[in-house]
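Take any residue in the sequence shown, note its place counting from 1, add 1030, and you have its number in our numbering.
We put the CB at the ideal spot given by N, CA and C, even for glycine.
Quick caveat, the model's predicted, so the values are computed rather than measured.
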Amino acid sequence: MNTVAKKTAFPLFIVVAVVQLLSILFEWEQLRFVSKPLLMPLLMLAVYANTETGRGRHTIILALFFSFLGDTFLLYDYKNASFFIIGLVCFLITHIIYIIYFLSLKPAKVSFLKTNWWIVLLVAGYGIALVWFLYPSLGPLKIPVLVYALVICSMLLSSIHIYPRVKWQVGQLFIAGAFFFVLSDSLLAINKFSQPFPFAGVAIMLTYCLAQYCIAKGFVQSRSM
């Protein structure tokens, strides 16, 4: 089974992701409800099948599991507004788990961020600008969104922090994954709280799928090098 899963899990994820995007674009609701919960289990299978037991494997799978929970709760947030909050909490936990994993990879003697401090200012400035833009429309969610923005920016910085510690291909995948996650969450927040925009669902899901794929693929590559 592992051999089959090794060869098929990542390609199947791509196929299901395309199906999910098409179902959002053309409003095929039944297909959207069927395909979305399959995404993270396929990446969990890909990570499990393509790596041996060792450091980080269970951590990445746990992050993907909480993402699966977040996907499921957000899928049904139209039934109960609290499902949206629970979904965000699940993704907050996902980001924290990714931060823990990235920081478990001890950086080189000199941190990449220490020699490129302007990146910290850029990411922090983006987080502040995003919260400032959303702030008037957040209502009682001001503090939770502020915390969430702090965590996603920290996740991006942690992926950059360990860049010299891993092979450059792996580092690029981790950074790309973290970047797409920040972008996806930003688009979700803007569409939800401020200014709904055309094709928001497609843009949010596309960047989300890219984020999770890049991180999972980066982890698998880090274990095969």
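The alpha carbon of M1074 has as its nearest neighbour, out of T1089, V1064, R1085, the alpha carbon of T1089. Each residue's CA atom was taken as its position, placing F1043 and A1233 some 17 Å apart. Residue environment analysis places F1056 among the exposed positions, since fewer than 16 neighbouring C-beta atoms fall within 10 angstroms of its C-beta.
Unbroken alpha helix (DSSP H) runs of no fewer than 4 residues, entirely contained in the stretch 1086-1161, are found at 1087-1105, 1111-1134, 1142-1145, following chain order.
Here L1168 carries a coil assignment [DSSP, helix/strand/coil]. Within the model, the alpha-carbon separation for L1133 versus T1081 is close to 20 Å. In chain order, L1217, N1221 place their CB closer than 7 Å to the CB of A1230, counting only its own chain and leaving out the 5 sequence neighbours on each side. Between the alpha carbons of R1085 and K1197 lies a gap of roughly 16 Å. In the DSSP assignment, N1080 falls within the unbroken alpha helix (DSSP H) covering 1059-1080. A Cβ-Cβ contact shorter than 8 Å links T1237 with L1213. For K1144, the closest alpha carbon among the candidates H1191, Y1131, R1253 is that of H1191.
The stretch 1092-1105 and the stretch 1154-1167 do not touch, with fewer than three beta-carbon pairs separated by less than 8 Å. Excluding its 5 nearest sequence neighbours in each direction, Y1131 has C-beta neighbours in its own chain below 6 Å: G1086, T1089, listed in chain order.
L1135 has its alpha-carbon roughly 14 Å from the corresponding atom of I1205.
The DSSP-derived three-state label of P1041 is helix.
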